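So in our numbering, spot 79 of the sequence shown is number 321, and the numbers just go up one at a time.
All C-beta atoms, glycine included, are put in the ideal place defined by N, C-alpha and C.
Being a predicted model, the structure only gives us computed values, none of them experimental.
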Amino acid sequence: MAINQTLITQKEVQVCIQIKDLLLDLGIGFTPTDRPDLVIVTEPETNIPITLDAEETVVCLRVQVCREREDKAFYQKLLQANAQIAHGHFQIEQGQVILADNLETENLDANELEASIASLVTALVRNADWLE
243 MAINQTLITQ KEVQVCIQIK DLLLDLGIGF TPTDRPDLVI VTEPETNIPI TLDAEETVVC
303 LRVQVCRERE DKAFYQKLLQ ANAQIAHGHF QIEQGQVILA DNLETENLDA NELEASIASL
363 VTALVRNADW LE
């Protein structure tokens, strides 16, 4: 999704406000950014920063994991890890491995947001030994 987007709509700002309210309700701390459609959540136990990008119809959760590698075993492990993730997936963008999830904004609630964040953190912790 479009983290480097240049035009930010009022709807995206409203979605970001909704996300911040849900995070506050969950007791999850966040850091605002200079963009009104982005917020950074740093999971307290692992200190993993998760970027939440508010789009008009989806919230994109993203964690920059590591640089892409050249060996086949790495991609095999990446695909195997993808099969074990409840919410989200590993993807490759511009030479970077990204762990991402997308949530629809229409029915977004605190439980769904919390489950997505927890799933991303769990996936990173489970695979930390080979993702470094």
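According to the Cβ coordinates, are THR347 and VAL300 closer than 8 Å? The answer is yes: Cβ separation under 8 Å.
Output needed for LEU268: all residues of its chain with C-beta closer than 6 Å, excluding positions within five of it in sequence on either side, in chain order. Residues ALA352, GLU356 of the same chain have their beta carbon placed closer than 6 Å to that of LEU268, with the five preceding and five following residues left out of the count.
In the DSSP assignment, find the unbroken alpha helix (DSSP H) run with ALA360 in it and report its ends. Per DSSP, the unbroken alpha helix (DSSP H) holding ALA360 starts and ends at 352-368.
Just to confirm my understanding: we take CYS308, look at its own chain, exclude 5 residues before and 5 after, and list those with CB closer than 6 Å. What are they? Cβ within range, chain order: VAL339, LEU373.
By the DSSP assignment, the beta strand (DSSP E) with GLN338 in it spans what residues? Element bounds for GLN338: 338-346.
Same chain only: Cβ atoms within 7 Å of THR275, ignoring 5 sequence neighbours per side: Non-local C-beta neighbours of THR275 in its own chain, meaning closer than 7 Å and more than five positions away in sequence, comprise VAL281, ILE282, ordered along the chain.
Just reading off the beta strand (DSSP E) that ALA296 is part of, what are its end residues? Run containing ALA296: 290-296, per the beta strand (DSSP E) assignment.
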